[in-house]
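Notes follow once the structure below has been shown.
Protein chains: 4
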Amino acid sequence: MDTERLIGENRDVWARFVPHPYMVKVVGDPGSLRPWVLEDYHFVRGGAIRFMLALASRAPPEGHLDFLLESTHRLATMEVPIFLEVSRDLGGVDLGREPSMATVSYVSFLNHLATSMDFVYGGAVALFAEEWAYYQAWKWLSGKSQHPVLVRLSSHWSSREFCEYVERLREMVEGMQGDQKTAAGVFRETCRFELLFWDSLNGPDTH
Amino acid sequence: MDTERLIGENRDVWARFVPHPYMVKVVGDPGSLRPWVLEDYHFVRGGAIRFMLALASRAPPEGHLDFLLESTHRLATMEVPIFLEVSRDLGGVDLGREPSMATVSYVSFLNHLATSMDFVYGGAVALFAEEWAYYQAWKWLSGKSQHPVLVRLSSHWSSREFCEYVERLREMVEGMQGDQKTAAGVFRETCRFELLFWDSLNGPDTH
Amino acid sequence: MDTERLIGENRDVWARFVPHPYMVKVVGDPGSLRPWVLEDYHFVRGGAIRFMLALASRAPPEGHLDFLLESTHRLATMEVPIFLEVSRDLGGVDLGREPSMATVSYVSFLNHLATSMDFVYGGAVALFAEEWAYYQAWKWLSGKSQHPVLVRLSSHWSSREFCEYVERLREMVEGMQGDQKTAAGVFRETCRFELLFWDSLNGPDTH
Amino acid sequence: MDTERLIGENRDVWARFVPHPYMVKVVGDPGSLRPWVLEDYHFVRGGAIRFMLALASRAPPEGHLDFLLESTHRLATMEVPIFLEVSRDLGGVDLGREPSMATVSYVSFLNHLATSMDFVYGGAVALFAEEWAYYQAWKWLSGKSQHPVLVRLSSHWSSREFCEYVERLREMVEGMQGDQKTAAGVFRETCRFELLFWDSLNGPDTH
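Protein chains in written order, with our numbering: chain A, 1 to 207; chain B, 1 to 207; chain C, 1 to 207; chain D, 1 to 207.
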C-alpha cells in the first residue's frame, strides 16, 4: 500500500483541516477547547480503545498483534488521564454528557470497519489515517500558544514518541498487500469523519 | 422491555419526523425523491441487510433466528428490486454514487451495535426503532399523492404485511428481559440517526 | 485459489473419509444413524446457519452476499425439516440432547473463522471444504441401500441441485485472490474437523 | 452469578482434573512437559490473547475494560516469554509446529463465545473457568518437584498475584446479572474443553 498516495489523494481534506478553523479559534481562546475535551474523551474511551482492541484481536500473532496491544495499552494508560487532567485545568468539563452525533458516527464507523473488513484494508488503514490526521492537527498548533493546556496537548500529540508511533503505523500499512483502491476508499472516508468531528466542534451544539 | 415507553420518550423526535419536511416536499415534487433512492438503496444493500444478517447470526437458534433470516431474505428479494424499479421510473438514478456521510454513519452505527452489544439491547431494539420509524413516515404519506412512484413506495411500507412485520419486531423487543435504560439509549440514538438521515436528504448535497 | 490443489493436497483425509467406516456401518444398519441425526441437527441449527449468516454479513454487497443469503435460507427451510423427518422415521431421536465435543468444536471453529479472518480465506474456503466433503460422503452412499431414510438423505446431498451449489462454492473460491498457503491451511483444518465429526459418530459416546 | 455453584456443579470434572494424570506424569518425568510447551504456547499466543482482546473490545468502558486490557497486556508481556524460556530449558521445543485439534478446538470455542454471546455470559464466565482451572492444576503441582522448570511454572500460576487475578475474575462474574443456567452451560463446556486439552497432552500424538 502506497501511503504517500493515500495522503496525496486527500489534499482537499487536509486543506480544510490544517489548520482547522476550530484550532485557529482555540489558539485565540483556549477555553473554547471545552467541547473537544468531552468529545475526544468519548472518542478515545468509548471508541478508539475498543476499535484498537478489536483490530488487535484479529491481527496475526506473528504480525502486528503485539504492537497494537502495546499501543492500546499506552492509549488507555497515558491518554485517558490527559483528558481528566485537562478537564480539571479548564475548570471542570462534565465528561458524563452524551457525545455528539459526529463522535458517535466516527466511533461506529471505525468499529464497524474493524469487525466487517479483513485486517488489512479495514482498521489498519483507518487507524493510520486517524492518527496521521491527529499528528498534523496538533503539530500545526505546536508553538502557537503558551497556554499551559495547549502546550500540554500539543507536546503530547506532536511529540517524537507520537511521531514514531504514526511512522510505525505507516510502515504497517506500507507492508500490506492488497487492493489500493479499497484502501483509498477507507482512507478517504476516515479523513471525512475526522473532518466532520472537527467541524462539529466548531459548529452549534449538536447534542 | 416496554416499547410504548420507548416510543413515548421520543415524542420530540417524532414531532420533527412525522411528517418530515422532506416528505412534505416529496408530496409536492415527487422528483425530489431522487437523492432518497440513492441513499436508501445504499442503506438497505450495504447496511441493513448486513446488519440483519449479523443480528441473525447471533440470535439463539430456538429464538428469533428463523424470523430474522426470513425477514432478511424478504428485504433482499423484495425491497432491493423496488429501488431499481423506482430509479427507472424517476428517469434513472446513478446508484453507483457514494452514499452521504449521514447514510454511512447510520449504517456503521447499526452494524457496530449488532457486533458489539449482546443480541437483546443491541440490534433488536435498533431494528425495531428503525422499522417503526419507516412505517410511520410512509403511513403519513399514504393517500397524499397519486404519483405512481409515491403510491408504489407508500403501499409497500405502510402495507398490512409490513405492519405485521413491525408488530412482530415489537413483540420480540417486548419479550426481552433486560435493562430498560440501556434499551432506551439505543432506541433514542437510532431515532436520532433516522432523523439525521432524513435531514440530510432535505439539506444541501453532502457528498 | 486453485481448488483442485486444495482437494489434491488432502488425499490422506479423503482416503479415511470416502467411505468413512461409520458410513459403511450405516449401510448395514440404518438404525446406527441415530447419533448422526442429533449431531448434524445441532451442527446445522446451532452452527452452520450462524456461520453462513456471519459470512454473508461480511460479504461485499456486489459480490456473494445474495448467493450466501439464498443458500442460508435454503439450508434453514429445506435441511432443518429433513432432520425432523428422519428423526421421526428412525423412531424418535431426542434432538434436545447436548451435542458432542466434536460437534461443538467444529461449529466453534467455523464460526470463529467467519469473524476472525477476512472473507476470502476464512469462511469461504471452509464452507467449500465442508460442503464438498458432505457431497463426497453421501454420493458414496447413494445406491448402496434401499432403506427409505438412507435414500432420502443421499438423494438430498448427492442431488443435482446440491452438486450445483457445491460447484458454485468452488467458483467463489476459485475467483478469490489471495495467499494459497493460508487457504490450504484453512482447507486442511476444516477437513480434519469433518473427519473428527465422523470419527466421533463411530466411536464411544462422547457426551 | 453464583460462582461457588458453578464450581460445585462440576465436581466430576475437577475429580478428573486435580490432579490430571498428565500432571502426575510430569512430576515423575519433567521432560514429558514438552508437548505442553507447544500446545500452551499456541493456546496463549494464537488463542487466549485474541480471546481476551475480543472480550475487552466489547466490555463497557466504565466496567471491566481497563482490567481486561491490563490482564491481556500482562499475559502478552509476562507469560509468552515463559514459554520461550521453558522451551529453551527443556532442550528446545519447536514452537512452529501446528497445534493439536484439541488446542485449535478450545481456542475456537473461546473466541466464538467472545464474539457470539453478550459480554456477560460469554467470555467472562469462560475466562474465569479457564483461569480457575489453571490455578487449581498448578497449585496441585506446587511443591511436588524441585525440577527448576516445574518450580518456575508452578510459582507463576500458583503465585499470589495470579491468585488475586483469578479472584478478580470471580468478582467480575459474581457481579453480573443474568441467567444462571446459561452461565452454567458456558462454565461446564469450558471445563470440558480444559479437560480435553489435558487429555490430549497425555494421549497419543494427535497432530
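We put the beta carbon where it would ideally sit given N, CA and C, even for glycine.
Interface partners of residue i on chain A, CB under 9 Å
| i | result |
| --- | --- |
| D:Arg50 | Ala56, Ser57, Arg58, Ala59, Pro61 and Leu65 |
Below-8 Å beta-carbon distance, residue i vs any chain A residue
| i | result |
| --- | --- |
| C:Thr206 | Model confidence at C:Thr206 stands at a pLDDT of 44, short of 50, so the residue's coordinates are unreliable; what they give is reported in the following sentence. Closer than 8 Å: no. |
| D:His112 | no |
Beta-carbon proximity check, residue i vs residue j, cutoff 8 Å
| i | j | result |
| --- | --- | --- |
| D:Ser100 | D:Glu164 | no |
| A:Ser116 | C:Arg58 | yes |
| C:Ala137 | C:Met23 | yes |
| A:Val107 | A:Gly175 | no |
| D:Val104 | D:Val37 | no |
| B:Ala56 | B:Leu75 | no |
| C:Lys208 | C:Val27 | Because chain C spans 1 through 207 in this model, residue 208 of chain C falls outside it and cannot be assessed. |
| A:Phe197 | A:Ala126 | no |
| C:Asn111 | C:Arg50 | yes |
| C:Ser159 | C:Leu141 | no |
| D:Val149 | D:Asp66 | no |
| C:Glu131 | C:Leu169 | yes |
| B:Val209 | B:Val93 | Chain B is shown from 1 up to 207; residue 209 of chain B falls before or after that span and cannot be answered. |
| C:Ala114 | C:Ala54 | yes |
| B:His147 | B:Pro30 | yes |
| D:Tyr41 | D:Leu95 | yes |
| D:Phe109 | D:Val173 | no |
| C:Gly203 | C:Met1 | no |
| C:Val13 | C:Leu195 | yes |
| A:His73 | D:His73 | yes |
| B:Cys191 | B:Ala133 | yes |
| A:Arg186 | A:Gly122 | Looking at the sequence shown, residue 186 of chain A is not Arg but Val. For A:Val186 and A:Gly122, yes; Cβs fall inside 8 Å. |
Proximal chain B residues relative to residue i, where beta-carbon distance stays under 8 Å
| i | result |
| --- | --- |
| A:Met101 | Ser105, Arg192, Phe193 and Leu196 |
Within chain C, partners of residue i - CB distance below 7 Å
| i | result |
| --- | --- |
| A:Ser116 | Arg58 |
Any C-beta of chain D under 8 Å from that of residue i
| i | result |
| --- | --- |
| C:Phe17 | no |
| C:Ser145 | no |
| A:Gly8 | no |
CB contact check: residue i to chain C, cutoff 8 Å
| i | result |
| --- | --- |
| D:Phe43 | no |
| D:Gln142 | Looking at the sequence provided, one finds Ser at residue 142 of chain D rather than Gln. Not one chain C Cβ lies under 8 Å of D:Ser142. |
| B:Leu53 | yes |
Interface partners of residue i on chain A, CB under 8 Å
| i | result |
| --- | --- |
| D:Gly46 | Pro61 |
Under 8 Å from the C-beta of residue i: neighbouring residues of chain D
| i | result |
| --- | --- |
| A:Thr72 | Leu69 |
Proximal chain B residues relative to residue i, where beta-carbon distance stays under 7 Å
| i | result |
| --- | --- |
| C:Ala76 | Asp66 and Leu69 |
Partner residues on chain D for residue i, Cβ-Cβ distance less than 7 Å
| i | result |
| --- | --- |
| C:Phe128 | Per Cβ cutoff of 7 Å: no residues; C:Phe128 is ~19 Å from chain D at best. |
| C:Ser108 | Ser105, Ser108, Phe109 and His112 |
Cutoff 8 Å: residue i Cβ touching any chain F Cβ
| i | result |
| --- | --- |
| A:His73 | Checking the listed chains, one finds no chain F in this structure; the protein chains it contains are A, B, C and D. |
Taking only beta carbons into account, state which residues of the region 186–204 of chain B come closer than 9 Å to chain A, listed in chain order. Glu189, Arg192, Phe193 and Leu196
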